[in-house]
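**Student:**
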Amino acid sequence: MAARARFVHNRRAADEDGSDEEEALSSSDDGGGDEEEEEMEAEGSEEEEEPAARASSSSSVAAAAAGRGGRKGPITISLKKVCKVCKKTGHEAGFKGAVYIDCPMKPCFLCKMPGHTTLTCPHRVAMEHGVIPAPRRNTNTSLDYVFQSQVKGKISMVKPRFLVPNQLECGNIKFHQRRVTCLEFHPTKNNVLLSGDKKGLLGIWDYVKLHEKITYDSVHSCILNSMKFDTANDGVLYTASSDGTISSTDLDTGIGSPLLNLNPDGWSGPSTWRMIYGMDLNTEKGLLLVADSFGFLYLLDRRSKERIGQPILIHKKGSKVTGLHCNPAQPEVLLSSGNDHFARIWDTRKLDPKSALASLAHGRVVNSGYFSPRSGNKIMTTCQDNRIRVWDYIFGNLESPSREIVHSHDFNRHLTPFKAEWDPKDYSETVAVIGRYISENYNGVALHPIDFIDTSTGKLLAEVMDPDITTISPVNKLHPQDDILATGSSRSIFIWKPKNEVDPTEERTSQKVKEYVYGSGSHKKPNGKHDNSSDDDSDGGGGKGKKAKKTRFTHTAKGKGKSKA
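Here it is in C-alpha cells:
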C-alpha cells in the first residue's frame, strides 16, 4: 500500500476565526504578496464588481429615490469588462481558474517581455530557455589562489544522487493564527520544526509525534520575520520581528529576553517605526547582525547582549533591508539584499556606508540573497522581476550574473515573499527550492507547485504538489541532513518525503489513505479539502505577557482521499 499522510487540524476560537478574512491564496484569486512592500505593483489587487451586484446596488438606490420623490428612478446595469491590472474597460486580465490571462496593455506577466502572453511564454514551456552557463570570468588573482587552496577542496566533484521529497507525509492544518512567515529545523533534534507567523507567534512541532505542538505567543507582537539558533546552545533561539525587536527565547519555557528594541518610545507613526527583517549570526566572532527597514545595519555581541558601535547605512536610506547572510566559509563576508534593487557584499571588519565590496544590481526588489551553503563561492538572489540570479564565482566579475532563471514568484499582497534557497545537503551546490505563484492545471485542479531547480542549467528538476493543497507555498525549507521538505502554506505546515518506489501496477490499484487527527472543534470541509484559509487584514498584536500554550490532540479519525505527490 502507498504511504499514509497524517494531518493535524487546529481550529481557533470563534472570536478569532469569526474576524478572519480569507487569505487570497487560491488559484482563483490574483492577490498576493507582502502588504508592506511599497515597491510592488498593485496589479490584480481589486476584485471585479459583478453585474448582478451592480444591479442590486442600482435597485436599492432607485428604491430610495422612489421613497423620497414617489417616482421610480432609472436602473442602470453595466456589462462592460474591467481589467484588474490596468483598470481599463473592454478586456479582462488575471486568474481564470488555473489560467492567467495577460493584460494586452502589459508585457508577459511571467518573463516581463513584450510580444507574447503568459500562456505562450517560452520560459513556461522550458524554464531553462535562454539560460547559458557562463564560464569562470577571472583567474590567477590572489583571491582566486585563496579559493583554490582553502575552499575548492570542500566541494565534491561528483554530484550525489538527488532524492526529491515529492510525497506528502503529514501536515499540521491551521497551526498558526496568521500566515506562516518563516521555518527552521532544529539543529540537533531532527524531527522538530520551528515556525513563525504574521502575528508574531512561535510554533514548535515534532512532526513524528503528530499529536503534540507548542506555541509561544508572547515573543513578539507582530510579524516574526527571521529565526536563528544559538550555535553554542541549541535551546536558545534568536528571533527578529516587525515590532522592531530582537529576542533571545528559551525554547523550554518560552521566556524571551529582548536584545534590541528599535522602537523604545512606542508607536508614533509609520515614518519613524523601524522593523527588522534581516538577521544572521557570525559564529566565529559571536556577532548577531541585524538590519532594519530604514537601511541600517546593527551589530550585537551575543555574549554581552549589547550593541557594538553605531548603526551603519548599508542600503539606500529609508529602504528596507530584506535579508542578511554571512558567508559559511568566510563569516566576516556579509551579503545583504534590499528594497533599493541591490544586493551588496560587505567585509564586516571594516564597515562603512561606502565600503561595499560589490553592488549587484537588480530590476526590482530583492527578496533574498544567499551564499552557497558549503564553499560560499556562489551567490543566488530572488528578485520581484521573476528572476533567480546566480553568480558562480564571487571572486570574479560581479557586474552581471552568470545566469538569470525566469521563475514565477512575482506577487502583490497577502503572501510571504518567495525566496529561493539552496539545498544544504547538495555538495555540488546547484539545487535550489522555491514555491511557484502562477498555478497550473493538474487533472482539472489548479495547483501551485514547489519547484526544484538546477541553478547550473536553469532546468526544472521536479515540481512537488498535492491535489488537496490548493494554496500557495511561499515558505519552504529543506532539512539539513534528511531528504525532507517543510512548507508553509497559509496558516498550515506540511512535511514532504521522497516517494517510495513501488510497482506501477500496485500503485495504480492502491488507494492512498490519509490519517486525519482533529483538534478541539476542528472540522473538515464537505468537499474533503482542508480548511486552510487565512486572514491577513492586520499585523495583529501578539499580546504581551501571555503564557505559552501547549495543546495535545487525542481524538483521531481516519478518512480516505485521493492524493498525488
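Following the working numbering, the numbering of the sequence shown begins with -11 at its first residue and continues without gaps. Ideal Cβ placement from N, Cα and C applies to all residues, glycine included.
Could you tell me whether the Cβ atoms of Val421 and Leu473 are closer together than 8 angstroms?
**Tutor:** Taking 8 angstroms as the Cβ cut-off, Val421 and Leu473 qualify as a contacting pair.
**Student:** Check whether the Cβ of Lys342 lies closer than 8 angstroms to any Cβ atom in chain C.
**Tutor:** Absence of chain C from the displayed structure is noted, only one protein chain being present.
**Student:** Closest to Leu181 by CA distance: which of Ile211, Ser235, Glu80 and Leu239 is it?
**Tutor:** Leu239
**Student:** For Ala408, does the count of other Cβ atoms within 10 angstroms reach 16, so buried, or fall short, so exposed?
**Tutor:** Buried, by the Cβ-count rule.
**Student:** Starting from the C-beta of Asp373, find all residues in its chain whose C-beta is less than 8 angstroms away, skip the five residues before and the five after it, and write them out in chain order.
**Tutor:** These residues qualify, in order along the chain: Lys100, His350, Gly351, Arg352 and Asp398.
**Student:** Which residue's Cα is closest to the Cα of Asp335: Val354, Asp328, His313 and Asn327?
**Tutor:** Of the listed residues, the one whose Cα sits closest to Asp335 is His313.
**Student:** Count the other CB atoms within 10 Å of the CB of Ile460; is the residue buried (16 or more) or exposed (fewer)?
**Tutor:** buried
**Student:** If you run the structure through DSSP and keep just helix, strand and coil, what is Thr475?
**Tutor:** strand
**Student:** Please classify Trp193: is it buried, with 16 or more other beta-carbons within 10 angstroms of its beta-carbon, or exposed?
**Tutor:** buried
**Student:** From what residue to what residue does the beta strand (DSSP E) around Arg332 run?
**Tutor:** Phe330 to Asp335
**Student:** Between the alpha carbons of Trp379 and Ile234, how many angstroms are there, rounded?
**Tutor:** The straight-line gap from Cα to Cα measures roughly 31 angstroms.
**Student:** In angstroms, rounded to a whole number, what distance separates the CA positions of Ile438 and Glu428?
**Tutor:** 11 angstroms
**Student:** Between which two residues does the alpha helix (DSSP H) containing Arg375 stretch?
**Tutor:** Arg375 -> not in any alpha helix (DSSP H); beta strand (DSSP E) instead, spanning Arg375 to Trp379.
**Student:** On a Cα-Cα basis, can you pick out the residue from Arg291, Val(-4), Leu98 and Lys177 that is closest to Leu275?
**Tutor:** Answer by Cα proximity: Arg291.
**Student:** Taking the straight line between their C-alpha atoms, what separation do you get for Gly78 and Lys60?
**Tutor:** 31 angstroms
**Student:** Below 8 angstroms between beta carbons: does that hold for Gly364 and Pro412?
**Tutor:** Contact: no.
**Student:** In this structure, how does DSSP classify His111 when only helix, strand and coil are distinguished?
**Tutor:** helix
**Student:** Is Lys197 helix, strand or coil when you go by DSSP?
**Tutor:** DSSP places Lys197 in the coil class of the three-state scheme, outside both helix and strand.
**Student:** According to DSSP, Ser324 sits in a beta bridge with which residue or residues?
**Tutor:** Leu312 and Arg332
**Student:** Val309: buried (16+ other C-beta within 10 angstroms of its C-beta) or exposed?
**Tutor:** Residue burial is scored here from C-beta neighbours: Val309 has at least 16 other C-beta atoms within 10 angstroms and is therefore classed as buried.
**Student:** Write down the C-beta distance between Ser356 and Thr369 rounded to the nearest angstrom, noting that I regard them as a contact closer than 8 angstroms.
**Tutor:** Cβ-Cβ separation between Ser356 and Thr369: approximately 7 angstroms, consistent with a contact (criterion under 8 angstroms).
**Student:** Give me the residue from Arg337, Asn178, Cys91 and Glu387 with the minimum Cα distance to Gln469.
**Tutor:** Asn178
**Student:** Could you give the uninterrupted runs of the beta strand (DSSP E) lying entirely in the segment 415 to 469, keeping only those of 3 residues or more?
**Tutor:** 419 to 423, 428 to 430, 433 to 435, 438 to 442, 448 to 452 and 463 to 466
**Student:** Where does the unbroken beta strand (DSSP E) through Ser236 begin, and where does it stop?
**Tutor:** Its beta strand (DSSP E) spans residues Thr233 to Asp238.
**Student:** If you drop the 5 nearest sequence neighbours on each side, which residues of the same chain put their C-beta closer than 6 angstroms to that of His436?
**Tutor:** Arg424, Ser427 and Ile460
**Student:** Determine the DSSP secondary structure at Lys216, reduced to helix, strand or coil.
**Tutor:** strand
**Student:** Between the segment 221 to 236 and the segment 261 to 274, can you find at least three pairs of beta-carbon atoms closer than 8 angstroms?
**Tutor:** yes
**Student:** Measure the beta-carbon distance from Pro341 to Leu386 and round it to whole angstroms, keeping in mind my assumption that it falls under 8 angstroms.
**Tutor:** Not really, about 19 angstroms apart at Cβ, beyond 8 angstroms.
**Student:** State buried or exposed for Arg337, treating a residue as buried only when at least 16 other CB atoms are found within 10 Å of its CB.
**Tutor:** exposed
**Student:** What do you get for Ala279, buried or exposed, if any count of 16 or more other CB atoms within 10 angstroms of its CB means buried?
**Tutor:** buried
**Student:** Relative to the alpha-carbon of Phe150, which residue among Gly446, Ile441 and Thr458 has its alpha-carbon at the smallest distance?
**Tutor:** Ile441
**Student:** Let me check one thing: in DSSP terms, what residues is Gly266 bridge-paired to?
**Tutor:** Ala279
**Student:** Under a Cβ-count criterion, where at least 16 other Cβ atoms within 10 Å of its own Cβ denotes burial, should Ala81 be classed as buried or exposed?
**Tutor:** buried
**Student:** Determine the direct distance from the alpha carbon of Asn270 to that of Cys109, and round the result to whole angstroms.
**Tutor:** 42 angstroms
**Student:** With DSSP run on the structure shown, which of helix, strand or coil describes Lys338?
**Tutor:** Reduced to three states, the DSSP call for Lys338 is helix.
**Student:** Could you compute how far the alpha carbon of Met215 sits from the alpha carbon of Ile63?
**Tutor:** 57 angstroms
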